[in-house]
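Asks: In this note's numbering, the protein residues as written are 189 to 463.
(1) By DSSP's criteria, residue 314 is part of a beta bridge. Which residues make up the other side?
(2) Consult DSSP for residue 368 and reduce its assignment to one of helix, strand or coil.
(3) With which residues is residue 354 paired in a DSSP beta bridge?
(4) List the DSSP bridge partners of residue 223.
(5) Can you check whether the CB of residue 334 is closer than 8 Å to the CB of residue 402?
(6) Could you pull out every residue in the same chain whose Cβ sits closer than 6 Å to the Cβ of residue 212, ignoring the five residues on either side in sequence?
(7) By how many angstroms is the C-alpha of residue 271 removed from the C-alpha of residue 370?
(8) On the DSSP letters alone, give me the boundaries of the beta strand (DSSP E) that residue 230 sits inside.
(9) Among 283, 342, 407, which residue has its Cα nearest to the Cα of residue 194?
(10) Please state the DSSP three-state secondary structure of residue 271.
(11) For residue 239 and residue 226, what's the separation of their Cα atoms in angstroms?
(12) For residue 201, tell me which candidate among 232, 281, 266 has the shortest Cα-Cα distance.
(13) Note down the Cα distance separating residue 254 from residue 262, rounded to an integer number of angstroms.
(14) Could you tell me whether the Cβ atoms of residue 332 and residue 248 are closer together than 8 Å?
(15) With 16 other CB atoms within 10 Å as the buried threshold, where does residue 288 fall?
(16) Closest by CA to residue 198, which one among 286, 208, 300, 209?
(17) Report the three-state DSSP secondary structure of residue 252 (helix, strand or coil).
(18) Mind checking residue 363: buried by the 16 CB within 10 Å criterion, or exposed?
(19) Identify whether residue 204 lies in helix, strand or coil by the three-state DSSP scheme.
(20) Quick one: Cα of residue 208 to Cα of residue 387, how far?
(21) Does residue 203 pass the burial test, meaning 16 or more other C-beta atoms within 10 Å, or should it be called exposed?
(22) Going by other Cβ atoms of all chains shown within 10 Å of its Cβ, with 16 needed for buried, is residue 319 buried or exposed?
(23) List the residues that DSSP assigns as beta-bridge partners of residue 401.
(24) Leaving out five residues on either side along the sequence, give the residues of the same chain with a beta carbon under 6 Å from the beta carbon of residue 290.
(25) Assuming contact is defined by CB atoms lying nearer than 8 Å, are residue 408 and residue 366 in contact in what I supplied?
(26) Between the beta-carbon of residue 406 and the beta-carbon of residue 356, is there less than 8 Å?
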């Protein structure tokens with residue numbers, strides 16, 4: 189596999205890796221015909237995130253068709269702390285790097301990242317990977333009784349009202365409204381706590397389906413990843429899908445666990461939007 193990024197695409201790609209580092213300690217690097225997928229899951233298997241960069245996102249995007257036919261697609265698992273320093277300083281990359289080339293060397297089990305900088309300087313990094321099963325959360329979104337679709341920025345505006353130390357929030361859905369409030373389990377000093385709750389009308393969403401009244405409590409840390417990515421890049425995500433399930437389990441190919449009552453935010457990155 190070989191792909192080439194230029195300009196703002198390099199910065200956006202790095203920001204996606206930074207966002208995934210807030211979710212898990214491992215990065216799944218999956219080149220496919222549909223594009224390059226970057227995935228991560230947290231240690232509790234309660235949060236999963238995926239950025240899918242279509243081939244049009246890159247200046248060049250080539251797969252090893254011979255290997256695809258012989259042994260199937262490449263399945264790489266990287267240690268996040270080995271990849272993160274490569275894209276740590278986005279400002280420096282934006283001003284000094286002209287082109288970034290990423291390739292997978294199956295013979296040496298390495299992902300090779302090359303930065304072609306100004307003044308003829310080339311920086312090459314070899315990151316060793318482990319072949320593993322592809323990470324893919326499996327859930328039938330069309331069977332979810334409650335579905336919200338909205339611009340990703342609306343989701344970021346919702347979570348910004350909660351204190352940084354807030355660990356969990358509760359999402360409540362009913363036919364007339366959607367509410368998001370802070371969740372504090374097992375605390376008796378209610379008068380000393382700050383209570384935050386916001387309500388949104390269904391008209392504020394691109395799509396609103398409330399098949400049943402439900403309350404879902406989930407970790408706020410992973411949900412903040414959406415806002416962090418959008419604030420720091422010029423990308424416009426295709427859509428955020430929040431599927432609220434209160435009775436049925438959602439199975440996942442991440443061990444033997446289930447994602448029950450959690451939110452999976454999937455990104456489909458289509459291209460750069462100049463602002």
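Glycine included, every Cβ here is placed at the ideal spot set by N, Cα and C. Quick caveat: nothing in here was measured; it's all calculated off a predicted structure.
Replies: In brief:
(1) Counted from its first residue, the chain shown places residue 314 at position 126. Answer is 300.
(2) Position 180 of the chain shown, counting from 1, holds the residue named residue 368. Three-state DSSP puts residue 368 in a strand.
(3) Walking along the chain shown from the start, residue 354 turns up at place 166. In the DSSP assignment, no residue is bridged to residue 354.
(4) Residue numbering aside, residue 223 sits at position 35 when the chain shown is read from its first letter. According to DSSP, which records beta bridges pairwise, residue 223 is partnered with 220.
(5) Stepping through the chain shown from its first residue, residue 402 is reached at position 214. Stepping through the chain shown from its first residue, residue 334 is reached at position 146. Taking 8 Å as the cut-off, the Cβ atoms of residue 402 and residue 334 count as close.
(6) Counting from 1 along the chain shown, the entry for residue 212 is found at position 24. Excluding positions up to five away in sequence, the list reads 228, 229, 230.
(7) As a first step, residue 370 is located in the chain shown; it is residue number 182 there, counting from the start. As a first step, residue 271 is located in the chain shown; it is residue number 83 there, counting from the start. Rounded to whole angstroms, the separation of the alpha carbons of residue 271 and residue 370 is 34 Å.
(8) In the chain shown, residue 230 corresponds to position 42, counting from 1. Note, residue 230: premise wrong, no beta strand (DSSP E); not H, not E.
(9) To locate residue 194, count along the chain shown from 1; it is residue 6. For the residues 283, 342, 407, the minimum Cα distance to residue 194 belongs to 283.
(10) Position 83 of the chain shown, counted from the first residue, corresponds to residue 271. Residue 271 falls in the helix class under three-state DSSP.
(11) Reading the chain shown from its first residue, position 51 is the one you call residue 239. Reading the chain shown from its first residue, position 38 is the one you call residue 226. If you take the alpha carbons of residue 239 and residue 226, they lie about 5 Å apart.
(12) Translated into the one-based positions of the chain shown, residue 201 becomes position 13. A check of alpha carbon separations from residue 201 across 232, 281, 266 identifies 281 as the nearest.
(13) The count along the chain shown starts at 1 and reaches residue 254 at position 66. The count along the chain shown starts at 1 and reaches residue 262 at position 74. Reliability fails at residue 254, whose pLDDT of 44 lies under 50, so the model's placement of it is uncertain and no value is given.
(14) Locating residue 332 in the chain shown gives position 144, counting from the first residue. Locating residue 248 in the chain shown gives position 60, counting from the first residue. The beta carbons of residue 332 and residue 248 sit no closer together than 8 Å.
(15) If you number the chain shown from 1, residue 288 lands on position 100. So residue 288 counts as buried.
(16) Your numbering for residue 198 matches position 10 in the chain shown. Residue 198 has its Cα closest to that of 286, out of 286, 208, 300, 209.
(17) For this step, residue 252 is matched to residue 64 along the chain shown. Secondary structure at residue 252: coil, using DSSP grouped into helix, strand and coil.
(18) Numbered from its first residue, the chain shown carries residue 363 at position 175. It is exposed - the Cβ of residue 363 has fewer than 16 other Cβ atoms within 10 Å.
(19) Residue numbering aside, residue 204 sits at position 16 when the chain shown is read from its first letter. Residue 204: helix per DSSP, three-state reduction.
(20) In the chain shown, the residue the question calls residue 208 occupies position 20. In the chain shown, the residue the question calls residue 387 occupies position 199. Rounded to whole angstroms, residue 208 and residue 387 show a C-alpha spacing of 28 Å.
(21) Taking the chain shown and counting its residues from 1, one reaches residue 203 at position 15. Counting other Cβ atoms within 10 Å of its Cβ, residue 203 reaches 16 or more and is therefore classed as buried.
(22) The count along the chain shown starts at 1 and reaches residue 319 at position 131. Residue 319 is exposed by the Cβ-count criterion.
(23) The count along the chain shown starts at 1 and reaches residue 401 at position 213. Answer by DSSP bridge pairing: none, since residue 401 is not bridged.
(24) Numbered from 1 along the chain shown, position 102 holds the residue referred to as residue 290. The beta carbon of residue 290 lies closer than 6 Å to those of 191, 301 in the same chain, with the five residues before and after it left out.
(25) Position 220 of the chain shown, counted from the start, is the residue given in the question as residue 408. Position 178 of the chain shown, counted from the start, is the residue given in the question as residue 366. A distance of 8 Å or more separates the beta carbons of residue 408 and residue 366.
(26) Residue numbering aside, residue 406 sits at position 218 when the chain shown is read from its first letter. Residue numbering aside, residue 356 sits at position 168 when the chain shown is read from its first letter. Their beta carbons are under 8 Å apart, which means residue 406 touches residue 356 by this criterion.
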